[in-house]
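Inspection log for the structure reproduced underneath, given as structure tokens.
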């Protein structure tokens, strides 16, 4: 067991790399007109009919005219019209600096927390 720990320490010291973090919080506010892939919303299907077509694969929306959706707490399914499209719902904010929100511009959360 002791030899394994020594071997592991030697391997980790040989393969260790230096990590460099950014000096400050640098970023810009997200522009919803230019920074969102609006053509990625398509194709759009309503009640199984393609309203707007695209070369991007379609969602797995139902091809029926009317669907019955179960709802918790209600014993009878709710009727509805199936709609399929790709919706941009998430934004990934990647940074090397802790408490730095790149997509909000130069917004450092640590400074905001100190004010509160």
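Residue numbers (this note's numbering): 4 to 119. Note that CB positions come from ideal geometry on N, CA and C, so glycine has one too.
Same chain, Cβ closer than 7 Å to residue i, neighbours up to 5 away in sequence not counted
i, result
"residue 61", "46, 48, 87"
"residue 108", "30, 31, 32"
"residue 4", "none"
"residue 74", "81"
"residue 12", "none"
Residue interval of the beta strand (DSSP E) (run including residue i)
i, result
"residue 71", "70-74"
"residue 187", "Because residue 187 is not part of the residues shown, which for the chain are 4 to 119, the question remains open."
"residue 124", "Residue numbering for the chain in the displayed model covers 4 to 119; residue 124 lies beyond these limits and cannot be assessed."
"residue 47", "47-49"
Separation of residue j from residue i, as counted between CA atoms
i, j, result
"residue 72", "residue 66", "14 Å"
"residue 38", "residue 59", "19 Å"
"residue 97", "residue 78", "44 Å"
"residue 17", "residue 6", "17 Å"
"residue 55", "residue 101", "42 Å"
"residue 68", "residue 28", "50 Å"
Residue environment, residue i, which counts as buried when at least 16 other CB atoms sit within 10 Å
i, result
"residue 105", "buried"
"residue 40", "exposed"
Own chain residues within Cβ distance below 8 Å of residue i, not counting five before or after
i, result
"residue 90", "44"
"residue 94", "33, 106"
Beta-carbon separation (whole angstroms), residue i vs residue j, contact threshold 8 Å
i, j, result
"residue 85", "residue 50", "6 Å"
Sequence-distant residues of the same chain with beta carbon closer than 6 Å to residue i, five excluded per side
i, result
"residue 57", "45, 46"
"residue 70", "83, 85"
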